[in-house]
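This report refers to the structure that appears directly beneath it.
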């Protein structure tokens, strides 16, 4: 399988990418690691008329201590997250989750910005960033704006990112006291059938995010509310899919996904709150 | 058409390609290097694994234009010009780590990537490193043995069982020194000075 014909442009900078997107119009798409976009282009589910390659913008590949948060450049690859000693110290959930995405070859190319911008609800890193209450820096022709990750995902493969904007940085608050990620798959490299990310913060809050139970990455608001009311992990976990109706597909029925979400939330809470 | 220049197995190749030409298509159809295989078309099986700038990559999920300016190593780049096999290839043969051979080039390149960073991987590390490479024939047991064996040879140690006396140590120096040509990022592949230096 081969993509449809398209024009290829290599951006020399973020601002160059932004102006090219503007000139090329709505049919243009950004290319970073390509491990979400290219498989879809090969299946012809996505058919951009033009691709703007930002994959070589090494300025966007960094992990920095910014005081009360960690600043991660959007082109930081999963393998870079995995082996970051700064992250292992300050935000250990992230290197762990980056390490369960796909397989080593995929992790050599995939980027955190690409994963967030692609916004597949079954993805692991968006769930982790959601549980961490991350913030996303979006750059457009008018400058930078910051969007909370909880406001970022609008629908299936749909985000707050404008067509002529580039996600440049992911900001992750420090202060993780406990964490866990539970990912249920049949095969080693599969997407999560259901994934649950939990962060217990030093401030005393517990944040729970779910992968593949809704059209977008979501927080388990039922579980979070139950925990605030003093429920035990077992009781709180039963409310994991409150307000949600997970989809049925080739991998699992809606009922099975709901059941998985409860079980995995329980396990993740037990680990994070231990 | 876009002009690209890619160093493939040590040789610079310049070409005009369509943006949509996948790296695996460039290697197989333009350069005739058919050792890299296309297995699944869904970025799952790893039969197309090559090294790009020393790191394992699925060549079916990379556009040739993305690899412009990079160095690519394929399975053809592992053996010596005179045909002597790389330690990983020797180990796969000696440990019966292949049957039909379809997954094997990609499997070997994934192993090459692993052994760059892990000189003495555990079973768990080997199996995790190969999670992106599917084999339908072997059940993976002998592949894991072959990786242990290759890692041993690359550390300059002898390996018991089937490979005793075969490749370990004997001729190690000759094979190793010539590897530099075929494999760009060779820290970790020569049997001498194999310390990440």
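Chains as they are written, first to last, in our numbering: chain A, 1 to 274; chain B, 275 to 471.
Yeah, the Cβ is synthetic: ideal placement off N, Cα and C, and Gly gets one too.
Predicted, not measured: the structure shown is a model, and the values here were computed from it.
By the criterion of Cβ-Cβ separation under 7 Å, what are the contact partners of residue i in chain A?
i: residue 316 of chain B; result: 39
i: residue 340 of chain B; result: 34, 53, 55
i: residue 335 of chain B; result: 34, 35, 38, 39
i: residue 276 of chain B; result: 8
For the putative contact between residue i and residue j, defined by C-beta atoms under 8 Å, what is the C-beta separation to the nearest angstrom?
i: residue 240 of chain A; j: residue 223 of chain A; result: 5 Å
i: residue 3 of chain A; j: residue 42 of chain A; result: 6 Å
i: residue 137 of chain A; j: residue 171 of chain A; result: 7 Å
i: residue 197 of chain A; j: residue 131 of chain A; result: 4 Å
i: residue 296 of chain B; j: residue 333 of chain B; result: 7 Å
i: residue 213 of chain A; j: residue 261 of chain A; result: 5 Å
i: residue 24 of chain A; j: residue 31 of chain A; result: Contact flag wrong, Cβ pair sits at about 13 Å.
i: residue 348 of chain B; j: residue 309 of chain B; result: 6 Å
i: residue 406 of chain B; j: residue 104 of chain A; result: 6 Å
i: residue 277 of chain B; j: residue 329 of chain B; result: Wrong, their Cβ atoms sit about 24 Å apart, outside the cutoff.
i: residue 74 of chain A; j: residue 60 of chain A; result: 5 Å
i: residue 293 of chain A; j: residue 70 of chain A; result: Within the shown structure, residues of chain A are numbered from 1 to 274, placing residue 293 of chain A beyond reach of any answer.
In chain B, which residues lie less than 7 Å from residue i when you measure between Cβ atoms?
i: residue 189 of chain A; result: 318, 405, 406
i: residue 186 of chain A; result: Simply none; closest approach about 12 Å.
i: residue 183 of chain A; result: Under the 7 Å cutoff, chain B gives no residues; its nearest Cβ is about 13 Å from residue 183 of chain A.
i: residue 14 of chain A; result: Those within 7 Å of residue 14 of chain A in chain B number zero; the least Cβ separation is about 18 Å.
i: residue 262 of chain A; result: Result: empty, since nearest Cβ-Cβ is about 27 Å, beyond 7 Å.
Residue i versus chain A: which residues are under 8 Å apart at the beta carbon?
i: residue 243 of chain B; result: Since the first and last residues shown for chain B are 275 and 471, residue 243 of chain B lies out of range.
i: residue 330 of chain B; result: 104, 105, 108
Could you work out which residues of chain A lie near residue i, taking near to mean beta carbons separated by less than 9 Å?
i: residue 308 of chain B; result: Per Cβ cutoff of 9 Å: no residues; residue 308 of chain B is ~17 Å from chain A at best.
Listing by chain order, which chain B residues have their CB less than 9 Å from the CB of residue i?
i: residue 5 of chain A; result: 292, 293, 294
For residue i, return the contacting residues in chain B, with the cut-off set at a CB-CB distance below 8 Å.
i: residue 29 of chain A; result: Simply none; closest approach about 12 Å.
i: residue 271 of chain A; result: Result: empty, since nearest Cβ-Cβ is about 20 Å, beyond 8 Å.
The ligand ZN and residue i: does the residue's C-beta get closer than 7 Å to at least one heavy atom of that ligand?
i: residue 33 of chain A; result: Questions concerning the ligand ZN fall outside what the structure shown contains, since it holds no ligand whatsoever.
Chain A contacts made by the segment 283-296 of chain B, where a contact means CB separation under 9 Å: 292, 293, 294, 295, 296
For the 8 Å Cβ check, are there 3 or more pairs between the segment 281-288 of chain B and the segment 241-260 of chain A? no
Stretch pair the segment 213-228 of chain A + the segment 151-160 of chain A: three plus CB contacts closer than 8 Å: yes
Members of the segment 47-59 of chain A near chain B, C-beta cut-off 8 Å: 51, 53, 55
Restricting to runs no shorter than 3 residues, where is the beta strand (DSSP E) found entirely within the segment 92-178 of chain A? 135-140, 143-148, 153-155, 166-173
Got a sec: which bits of the segment 85-113 of chain A sit with their beta carbon under 8 Å from any beta carbon on chain B, in order along the chain? 102, 103, 104, 105, 106, 108, 109
Entirely within the segment 8-84 of chain A and at least 4 residues each: give me those alpha helix (DSSP H) ranges in chain order. 14-24, 37-42, 78-82
Counting Cβ pairs closer than 8 Å, one from the segment 393-402 of chain B and one from the segment 348-368 of chain B, do we hit at least three? no
Where the segment 375-388 of chain B meets chain A: residues whose CB sits under 8 Å from a CB there: 384, 387, 388
Three Cβ pairs or more, each shorter than 8 Å: is that satisfied between the segment 43-58 of chain A and the segment 92-101 of chain A? no
Using a Cβ-Cβ cut-off of less than 8 Å, list which residues of the segment 347-362 of chain B approach chain A; keep chain order. none
Touch check for the segment 309-328 of chain B and the segment 247-258 of chain A: three-plus C-beta pairs under 8 Å? no
Can you give me, in chain order, the residues of the segment 155-176 of chain A that have a beta carbon less than 8 Å from any beta carbon in chain B? none
In chain order, what residues of the segment 404-429 of chain B put their CB closer than 9 Å to some CB of chain A? 404, 405, 406, 407, 408
If you scan the segment 199-229 of chain A from start to end, which runs of the alpha helix (DSSP H) of 4 or more residues do you find wholly inside it? 221-228
Quick test of the definition: if touching needs 3 or more C-beta pairs under 8 Å, does the segment 140-147 of chain A touch the segment 114-121 of chain A? no
Taking a cut of 7 Å between CB atoms, which residues from the segment 127-144 of chain A lie near chain B? none
Secondary structure, alpha helix (DSSP H): runs of 4+ residues fully inside the segment 344-415 of chain B: 361-368, 378-391, 397-403
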